[in-house]
Amino acid sequence: MVVTDPTAYLAAVDLVILATSALTDDLLDVSLLRPGAVVCDVARPPNVGKQAAVQRPDVLFIESGELLLPGTPDFGFNINLPPGSAYACLAETALLAMEGRFEHYTLGRTIDIERVKEI
Numbered sequence: 010m011v012v013t014d015p016t017a018y019l020a021a022v023d024l025v026i027l028a029t030s031a032l033t034d035d036l037l038d039v040s041l042l043r044p045g046a047v048v049c050d051v052a053r054p055p056n057v058g059k060q061a062a063v064q065r066p067d068v069l070f071i072e073s074g075e076l077l078l079p080g081t082p083d084f085g086f087n088i089n090l091p092p093g094s095a096y097a098c099l100a101e102t103a104l105l106a107m108e109g110r111f112e113h114y115t116l117g118r119t120i121d122i123e124r125v126k127e128i
């Protein structure tokens, strides 16, 4: 199920995936999560703050949105990630460019699952 406001469902679901471009780290009211739930925050900037894990030690919070690149890439500027890491959106753009695909691949908030599988 995909929803734009998960509040009504938080007490019932086992998994919450956050993938927004909202500029907040308190998008989710973690007090409403069921014990044992898993929250995967793939948003950048993050939608769940570090305090959430302290507030709810019975919930597993997974921060995502980065990946390790092969070799030792140098971006020429500091992207505030460990060496060899990149944000997923940057990696997507680089992969498409290397394939010679200059197109609007995952533009906007509605991303086709088939596109995700393809890349």
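Each residue of the sequence shown is one higher than the last, beginning at 10 in the numbering used here. In this text, a Cβ means the ideal position worked out from N, Cα and C, and glycines have one as well.
Note to self: Quick check: what's the CA-CA separation for residue 28 versus residue 76?
What the structure shows: 16 Å
Check: Helix, strand or coil: which one does DSSP assign to residue 114?
Finding: coil
Next item on the list: Evaluate residue 25 with the Cβ neighbour count: other Cβ atoms within 10 Å of its Cβ, from every protein chain shown; 16 or more gives buried, anything less gives exposed.
Entry: Buried is the call here.
Checklist line | Of the listed residues 23, 78 and 35, nearest to residue 45 (C-alpha basis) | finding: It is 23.
Margin query: Between which residues of its own chain and residue 38 is the CB-CB distance below 8 Å, once the five residues before and five after are set aside?
Written below: Sequence-distant Cβ neighbours of residue 38 in its own chain, meaning closer than 8 Å and more than five residues away, are 16 and 19.
Next item on the list: Write down every uninterrupted run of the beta strand (DSSP E) in the stretch 64-118 whose length is 3 residues or greater and which is fully enclosed by it, in chain order.
Entry: 69-72, 75-77 and 94-96
Notebook entry, point to check: Along the chain, where does the alpha helix (DSSP H) that runs through residue 51 open and close?
Noted result: That residue, residue 51, is in no alpha helix (DSSP H); it is neither H nor E in DSSP.
Notebook entry, point to check: Can you pull the DSSP bridge partners for residue 121?
Noted result: Its beta-bridge partners do not exist; DSSP assigns none.
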